[in-house]
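In the working numbering, the protein residues as written are 4 to 454.
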């Protein structure tokens, strides 16, 4: 027999084992139920982790789809842009070729019309002219000695024409890019030759020092006019010189001693220099805008305003519709600009005033009391006489102080330009009667007239 306390301990252990077994059974049952529930949730697709993974996959899939759509949109836009650029380039090339072909056809048509009109006039002249009897042999005058000298001189210089400087015509059509390049090279040569001095060259007393300079300018002008460049060389050189002068007087960093200390020659550079160095800012602004010895801001503003007005008025044009009387299907327009004489009157006026200034300067060598030295500059200015009234007022203050000089100068400018314009129209055969005759020779009429 076992002692009572051992039996009780065994009963207690047995009870504990039974309870542990029941607990294990309940835990196992709960785990099985939980596993079954999770399996059911997995099968139904409602498990939280499965739902989370599904949401993450959907989000990543949507982001990839969005990136793919964005990439596709960008590729489509790039392809569309390239296609538009290629189409524009193709159409531009086609339009350039079409315009060139039309210009060639129009030129050939005009040349043919002129040739036919010339042949028709020659035929009419030969048909209507009466035979002139031959002069008697006794009336024939022998050639003069002067004409013989001219013929001898022409025959003498004819072998040397092959070695003279000349720009030949292009053997093929010059592309637009090459014309632009040649124009830029011509401008570069002109600017370099105009600004760079020749150092270490001995001075000599020449009868005409600008001879070779004029020869170079003439050759550069012929280079552009023969078809190697764009436009006319004279107009291009004049425009470049004016623009260079404006830029230099606006941004020149050189200093000039005006008696009050060194000042910058450029108007804009002088404006900032005075604002930063002078204590009185209002006086600095007034001096920068109205200084008399050098270029100022008001001169620059006036130049820009004149440029804007001239460019605006240059666009004024009346287009007269015309059509060919010979080819009824060919239409076009004949533009008549407001400034159709261009800058030729100004150039002729400048040449006239230059000659007057030269004559006045020659008289100054003997009668120097009619000239007044300009303060602070190595220049002379007239104070009376014709050259005084033909020269512009030096400053705005001088224009207001001497209104008679200002009025006479403005009247002279307007009158001279008007007379030179009228003369240039008659000389260049660009008047109304000349243009009408040219259109008649080309068999061109207004579009409102029947063919």
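Glycine included, C-beta positions come from ideal geometry on N, C-alpha and C.
Counted as a single uninterrupted DSSP element, the alpha helix (DSSP H) harbouring residue 315 occupies residues 300 to 317.
For residue 443 and residue 336, the gap between their C-alpha atoms comes out near 15 Å.
Counting the other CB atoms within 10 Å of its CB gives residue 432 a total below 16, which places it among the exposed residues. For residue 412, there is no enclosing beta strand (DSSP E); the enclosing alpha helix (DSSP H) has its first and last residue at 406 to 430. As computed with DSSP, residue 18 is found in no beta bridge at all. For residue 327, the enclosing beta strand (DSSP E) begins and ends at 320 to 327.
Spanning the alpha carbons of residue 242 and residue 155 requires a straight line of approximately 43 Å.
Three or more Cβ pairs closer than 8 Å define a contact, and the region 404 to 421 falls short of that threshold against the region 293 to 313. Apart from sequence neighbours up to five positions away, no residue of its chain approaches residue 26 with a beta-carbon distance below 6 Å.
Burial of residue 294 is indicated by the presence of at least 16 other C-beta atoms within 10 angstroms of its C-beta. Using a Cβ distance threshold of 8 Å, residue 323 and residue 339 count as a contacting pair. As the crow flies, the alpha-carbon of residue 425 is around 31 Å from that of residue 328.
Residues 328 of the same chain have their beta carbon placed closer than 6 Å to that of residue 448, with the five preceding and five following residues left out of the count. By the C-beta density criterion, residue 231 is buried, having at least 16 other C-beta atoms within 10 angstroms. For the set 405, 63, 238 and 280, the Cα lying nearest the Cα of residue 344 is the one of 238. The Cβ atoms of residue 227 and residue 183 lie no closer than 8 Å to each other. The alpha-carbon separation between residue 250 and residue 405 amounts to approximately 30 Å. For residue 254, no beta strand (DSSP E) segment is defined; the enclosing uninterrupted segment is the alpha helix (DSSP H) at 236 to 254. When the beta-carbon positions are compared, residue 253 and residue 269 come within less than 8 Å of each other. Cβ-Cβ distances below 8 Å link residue 291 to 270, 273, 274, 277, 278, 299 and 300 in the same chain, with the five nearest sequence neighbours on each side left out; the list follows chain order.
Residue burial annotation: residue 35 is exposed, with fewer than 16 other C-beta atoms found within 10 angstroms of its C-beta. Burial state of residue 224 is buried, judged by a 10 Å Cβ sphere holding 16 or more other Cβ atoms. In this structure residue 390 touches residue 359 by the C-beta definition: roughly 6 Å separates them, less than 8 Å. The three-state reading of DSSP puts residue 170 in coil, since its state is none of H, G, I, E or B. According to the DSSP assignment, residue 449 belongs to no alpha helix (DSSP H) but to the beta strand (DSSP E) extending over 447 to 449.
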